Amino acid sequence: MSQHFKETPHNGIVDSGIARVIPCKQLSMSDPFKWLILGLKDASKAPVLTLCFGLIFTAIPWFITYLVQLTGWHLVIMPAIVCFMLIGPFLAAGMYDVSWELEKNHVPSLWHSIKAIKRNAVNEWGLGILLMVLMIFWLRVASMVHALYPPYLDENFENLFPFLAVGTVVGAGFTMLVFFLSAFTQPILMERKVDLATALLTNMNAVWTNKAPMMLWAFIILIAVLIGFATWFVGFVFLMPLIGYATWHGYIDTIETKRERQFE
Numbered sequence: 001m002s003q004h005f006k007e008t009p010h011n012g013i014v015d016s017g018i019a020r021v022i023p024c025k026q027l028s029m030s031d032p033f034k035w036l037i038l039g040l041k042d043a044s045k046a047p048v049l050t051l052c053f054g055l056i057f058t059a060i061p062w063f064i065t066y067l068v069q070l071t072g073w074h075l076v077i078m079p080a081i082v083c084f085m086l087i088g089p090f091l092a093a094g095m096y097d098v099s100w101e102l103e104k105n106h107v108p109s110l111w112h113s114i115k116a117i118k119r120n121a122v123n124e125w126g127l128g129i130l131l132m133v134l135m136i137f138w139l140r141v142a143s144m145v146h147a148l149y150p151p152y153l154d155e156n157f158e159n160l161f162p163f164l165a166v167g168t169v170v171g172a173g174f175t176m177l178v179f180f181l182s183a184f185t186q187p188i189l190m191e192r193k194v195d196l197a198t199a200l201l202t203n204m205n206a207v208w209t210n211k212a213p214m215m216l217w218a219f220i221i222l223i224a225v226l227i228g229f230a231t232w233f234v235g236f237v238f239l240m241p242l243i244g245y246a247t248w249h250g251y252i253d254t255i256e257t258k259r260e261r262q263f264e
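Residue 1 is where the sequence shown starts when you use the UniProt record's numbering, and the numbers rise one by one after that.
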């Protein structure tokens with residue numbers, strides 16, 4: 001731990017020379033499943049918006065795959081999909097807004113969800129740029145892996161396996177880094193209107209303090225993504241909005257607030 005941070009038994013980071021760190025609560029292993037149940041309730045209350053967001057999150061990987069296939073570089077299909085996963089937390093702002101509106105007993109709308117990005121625009125776009133930088137860096141690493149593939153080899157599983165294995169390991173590392181940086185960062189920025197450094201450090205503190213429950217949550221997200229891949233992205237129609245709604249409830253459950261929220 002850097003000398004700039006103080007540690008306590010309850011929080012990995014409680015003070016920083018960079019920004020304020022909002023304390024987090026202690027989670028239990030059952031909490032991620034509770035978030036999923038609350039996410040299901042939100043989906044049932046806003047079925048049209050859920051379908052809308054689900055179709056968007058399904059169309060994006062379809063489009064990426066189509067563009068990659070046009071190039072003939074089949075080895076970069078998976079890295080391109082990982083790019084979608086990297087910027088997913090940023091794109092999910094609209095779904096967080098739906099859950100937030102439902103908690104206020106308001107009727108959510110697509111236009112209100114689109115405008116959610118403007119609540120803390122500078123810092124939210126800053127998060128988007130950060131994720132885009134990670135995406136570009138990942139693409140560069142993926143292109144290096146692709147460049148190492150000898151052109152004279154047939155593209156069969158035996159020849160492709162070492163390169164797919166390396167790409168998978170590196171992609172998993174990038175994905176875990178993004179989770180550590182952005183599991184709840186977007187909801188923090190939306191509701192608290194804090195600066196990006198505060199949101200990032202608060203999120204990192206929450207993940208670090210609640211390692212086991214948050215790793216379970218990351219595993220649940222991974223399973224949802226794998227199901228989406230197995231169904232040629234059709235599963236994303238339902239799974240991506242569910243994860244988005246559940247993430248909002250995870251944020252509400254995890255990050256402390258000085259006073260009780262009036263919409264709870």
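Note that CB positions come from ideal geometry on N, CA and C, so glycine has one too.
Keep in mind that this is a model prediction, so the values were computed, not measured.
What's the C-alpha gap between residue i and residue j?
{"i": "Leu226", "j": "Ala197", "result": "31 Å"}
{"i": "Leu70", "j": "Gly94", "result": "31 Å"}
{"i": "Arg259", "j": "Leu160", "result": "55 Å"}
{"i": "Gln186", "j": "Ala142", "result": "27 Å"}
{"i": "Phe163", "j": "Gly128", "result": "29 Å"}
{"i": "Met29", "j": "Met240", "result": "22 Å"}
{"i": "residue 272", "j": "Leu242", "result": "As displayed, the chain neither begins before 1 nor continues past 264, which places residue 272 out of reach and without an answer."}
{"i": "Ile22", "j": "Met214", "result": "17 Å"}
{"i": "Asn210", "j": "Ala230", "result": "30 Å"}
{"i": "Pro9", "j": "Lys34", "result": "Reliability of the predicted coordinates at Pro9 is poor, the pLDDT of 37 falling under 50, and no value is obtained from them."}
{"i": "Thr257", "j": "Gly171", "result": "34 Å"}
{"i": "Leu40", "j": "Trp100", "result": "14 Å"}
{"i": "Val145", "j": "Asn105", "result": "50 Å"}
{"i": "Phe53", "j": "Trp208", "result": "30 Å"}
{"i": "Gln26", "j": "Phe137", "result": "34 Å"}
{"i": "Val169", "j": "Met176", "result": "11 Å"}
{"i": "Thr50", "j": "Ala199", "result": "26 Å"}
{"i": "Ala116", "j": "Gly126", "result": "15 Å"}
{"i": "Trp217", "j": "Met204", "result": "14 Å"}
{"i": "Glu158", "j": "Glu191", "result": "49 Å"}
{"i": "Arg261", "j": "Thr202", "result": "18 Å"}
{"i": "Val166", "j": "Ile223", "result": "20 Å"}
Between residue i and residue j, how many whole angstroms is the CB-CB distance? I'm expecting something under 8 Å.
{"i": "Ala43", "j": "Tyr251", "result": "Not really, about 17 Å apart at Cβ, beyond 8 Å."}
{"i": "Phe174", "j": "Leu134", "result": "7 Å"}
{"i": "Thr247", "j": "Tyr96", "result": "7 Å"}
{"i": "Phe57", "j": "Phe236", "result": "5 Å"}
{"i": "Leu131", "j": "Val178", "result": "7 Å"}
{"i": "Leu189", "j": "Glu124", "result": "5 Å"}
{"i": "Pro108", "j": "Val122", "result": "Going by Cβ atoms, the distance from Pro108 to Val122 rounds to 25 Å, so no, they are not a contact pair."}
{"i": "Cys24", "j": "Ala206", "result": "4 Å"}
{"i": "Arg119", "j": "Lys193", "result": "7 Å"}
Which residue's Cα is closest to the Cα of residue i: the options?
{"i": "Pro32", "options": "Phe174, His112, Ala183", "result": "Ala183"}
{"i": "Phe238", "options": "Ile223, Leu55, Met29", "result": "Leu55"}
{"i": "Ile37", "options": "Gly228, His249, Lys115", "result": "His249"}
{"i": "Ile64", "options": "Glu256, Arg261, Phe233", "result": "Phe233"}
{"i": "Arg20", "options": "Asp195, Pro213, Thr209, Asn210", "result": "Asp195"}
{"i": "Gly228", "options": "Glu101, Pro61, Asn210, Arg140", "result": "Pro61"}
{"i": "Leu91", "options": "His106, Ser113, Leu216", "result": "Ser113"}
{"i": "Val48", "options": "Tyr66, Leu67, Ala59, Leu110", "result": "Leu110"}
Let me know the alpha helix (DSSP H) ranges lying completely inside the region 86-174, each 4 residues or longer, listed in chain order. Within the region 86-174, the complete alpha helix (DSSP H) runs of at least 4 residues are 93-103, 110-115, 121-147.
In the region 181-234, which residue ranges form an unbroken alpha helix (DSSP H) of at least 4 residues, counting only runs that do not cross its ends? 185-192, 196-209, 211-230
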